[in-house]
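In my numbering, the protein residues as written are 1 to 138.
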């Protein structure tokens with residue numbers, strides 16, 4: 001399983017808004033990641049290539065794939081992990097996406113930082129050509 005996390009800095013908010021501060025966008029790109037995940041999950045289920053699937057997402061675009069797998073291959077154990085920090089034990093926190101969790105057998109509402117670190121590749125990965133070095137800011 002490959003888990004990719006994209007962490008972006010928060011947008012800058014200024015009061016009053018500076019309408020002169022703009023950036024040029026040269027290309028809009030839709031990577032279709034959710035479509036690829038959905039199709040691969042469904043295909044693996046139909047071909048009975050697995051007995052359990054775990055989705056690490058909170059993207060409701062993946063709802064239909066979970067629903068169809070649940071209907072067409074109900075014996076596959078579906079799990080959902082919400083990629084966010086562990087919620088506090090008291091106080092308010094955002095609940096998991098019910099649109100996704102209604103179709104899975106179990107849900108985990110967080111990922112620990114240490115678990116993310118433990119799942120990364122080594123700092124240096126050998127290849128047939130040049131070694132791949134993990135950037136220091138990861």
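We put the beta carbon where it would ideally sit given N, CA and C, even for glycine.
Predicted model only: the values in this text are computed from it and were never measured.
ask   = Is it right to say residue 131 is buried, meaning 16 or more other beta carbons lie within 10 angstroms of its own, or is it exposed?
value = Exposed.
request  = State yes or no: is the C-beta of residue 105 within less than 8 Å of the C-beta of residue 82?
outcome  = No, these two residues do not count as a Cβ contact at 8 Å.
request  = Using the Cα positions of residue 40 and residue 71, report the straight-line distance between them to the nearest angstrom.
outcome  = The straight-line gap from Cα to Cα measures roughly 16 Å.
query = Contact between the stretch 117-127 and the stretch 87-94: three or more CB pairs below 8 Å?
reply = Output reads no: the stretch 87-94 does not touch the stretch 117-127.
Beta-ladder partner(s) of residue 138, from DSSP = DSSP output for residue 138 lists no bridge partner at all.
ask   = Going by the CB atoms, is the gap between residue 103 and residue 84 shorter than 8 Å?
value = Taking 8 Å as the Cβ cut-off, residue 84 and residue 103 do not qualify as a contacting pair.
query = Helix, strand or coil for residue 124 per DSSP?
reply = Reduced to three states, the DSSP call for residue 124 is strand.
ask   = Excluding five sequence neighbours on each side, which residues of the same chain lie with their C-beta closer than 8 Å to the C-beta of residue 46?
value = Excluding sequence neighbours, residue 46 sits near 72, 73.
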